[in-house]
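Inspection log for the structure reproduced underneath, given as C-alpha cells.
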Amino acid sequence: MTEKSTVRTREMAVELKAQRELKEMTLREVARRADWSASKVSAWENGRRISPIDAAIYLAHCGTRTAERARLLELTKPPGDLYWVRPYFDKLVDPMKSLIIQENLADTVVYYSPAAIPGMLQTEEYVRTCFELTGRYTTERLGVLTRARVDRQQLLQRRDPPRCTFFVHERALRSVVGGPDLMHEQLQNLVLTTNLPHCVIRVVPESDPTFRVLTTTFTVMEFPEHPPVVYEETYTAGLFVDDRVAVEAFYILVTRLEQAALPEGQSREWLVRFADEYERMRE
C-alpha cells in the first residue's frame, strides 16, 4: 500500500526542494552525492515521509545552515500525527507559511469565517486593524503579519488558481471594523472578487440557527494526489487536521453551509447592498 502524505510531510517536501534549488543542485545530483536512488529523493520531494537521519544527510549536502536545519528537522517528527498544531507565538514557527504551502498545492478550497471576513479576501487595512484589535503584537510583528496575509492573496491571481468557495457570515458583514470608510472598501473588494471565475462567495444569513452559534473558522483543502486536509484557527494556534474521520465531520458542516447560505447571485446582491450602506454612513 502506498504511504499517504500528510500536511507535515508535504511541507517538508517543499522545504527540501527549496533547499536543493537554493544550492543550485539537481535532484539527481543530491541522489548521487548521498548514494541514494533518484526515485527515493523524488518521493521525498513529493510528500513521502523522510526519516530524521536521511533529512539531516539531505540538508547537509545542500549546505543548509545549522539553525534552519534544526527547524526543518522538526518536521520529520513525530512519525505519525493526524493533528498538527502550529502555534502563533513560537518565533521558530510560521503557521501562515504552512497554510500557504497547503493552499498552493490544493485544487479546491472552501473557507468559512463566522465573525470576520475570510483572511484571503481581507483588504490590507482590514487585516492590519484586525491584528491591532487583538492587542497582542508589537508594531514590527504587526507589519510582518499584515504583509504575510496580503501576500498570501496572490494565490487568487495565479495562472491556475484553485477553485475557491467562501462562506461569509452576515454578522461579519455587519461588524464594523475600523469605521465605515474601511468597511466600504472591504465590501467593494468582496464585490469585485465575485467577478473572478474561480471564486464563489456565499453569505450565511444570521437567521440560520446552526451557524448563529457555531464559531469555528476553518478551511477545507482538496488536492489532486493527496487526501483532503482541514485547517482550523484558534486564538493561539492554527490546527491542521489530517484524520479522515475528523475531516469528514467538516464535510458535514460544508454540506450544511451549502444548504443554509444564500445562492451566489443573491449573495452578491447582499454584498452590493452592504457596500452601499457603508458608503452612506461615510457621508
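Each residue of the sequence shown is one higher than the one before, starting from 15 at the first, in the numbering used here. From the three backbone atoms N, C-alpha and C, an ideal C-beta is built for every residue, glycine too. These numbers were taken from a predicted model, which means no experiment stands behind them.
Would you report the Cα separation of residue i and residue j, rounded to the nearest angstrom?
i: residue 256; j: residue 117; result: 14 Å
i: residue 171; j: residue 164; result: 12 Å
i: residue 100; j: residue 251; result: 6 Å
i: residue 271; j: residue 111; result: 27 Å
i: residue 72; j: residue 20; result: 20 Å
i: residue 75; j: residue 48; result: 8 Å
i: residue 121; j: residue 228; result: 27 Å
i: residue 285; j: residue 126; result: 16 Å
i: residue 42; j: residue 215; result: 44 Å
i: residue 61; j: residue 25; result: 8 Å
i: residue 18; j: residue 261; result: 15 Å
Can you have a look at residue i and say buried or exposed, based on whether 16 or more other CB atoms are within 10 angstroms of its CB?
i: residue 274; result: buried
i: residue 86; result: buried
i: residue 93; result: No answer about residue 93 holds up, because its pLDDT of 48 lies below 50 and its placement is not dependable.
i: residue 266; result: exposed
i: residue 281; result: buried
i: residue 113; result: buried
i: residue 55; result: buried
i: residue 67; result: exposed
Am I right that residue i and residue j are in contact with their C-beta atoms under 8 Å? What's the rounded C-beta distance?
i: residue 234; j: residue 242; result: 6 Å
i: residue 80; j: residue 33; result: Actually they are not in contact, since the Cβ atoms of residue 80 and residue 33 sit about 13 Å apart, beyond 8 Å.
i: residue 59; j: residue 27; result: 5 Å
i: residue 191; j: residue 218; result: Between residue 218 and residue 191 the Cβ distance is about 18 Å, and since that is not below 8 Å, they are no contact.
i: residue 124; j: residue 259; result: Going by Cβ atoms, the distance from residue 124 to residue 259 rounds to 18 Å, so no, they are not a contact pair.
i: residue 138; j: residue 160; result: 6 Å
Taking residue i as the reference, which of the options has the closest Cα?
i: residue 132; options: 53, 60 and 230; result: 230
i: residue 115; options: 245, 249 and 261; result: 245
i: residue 196; options: 169, 237 and 142; result: 142
i: residue 129; options: 292, 184 and 138; result: 184
i: residue 238; options: 82, 176, 211 and 136; result: 176
i: residue 23; options: 264, 46, 88 and 166; result: 88
i: residue 98; options: 27, 247, 173 and 50; result: 247
i: residue 11; options: 249, 220 and 210; result: Residue 11 is absent from the structure shown; the chain starts at 15 and stops at 297.
i: residue 293; options: 236, 194 and 277; result: 194
The ligand FAD and residue i: does any heavy atom of the ligand fall closer than 8 Å to the residue's C-beta?
i: residue 60; result: With respect to the ligand FAD, the structure offers nothing, as it holds no ligand at all.
Three or more C-beta pairs under 8 Å: does that hold for the stretch 216-227 against the stretch 200-208?
Flag = no, the stretch 216-227 and the stretch 200-208 do not touch.
* To do: Evaluate the contact criterion for the stretch 148-158 versus the stretch 204-213: three or more CB pairs, one atom per stretch, below 8 Å.
  => With a cut-off of 8 Å on Cβ pairs, the stretch 148-158 is not in contact with the stretch 204-213, counting fewer than three such pairs.
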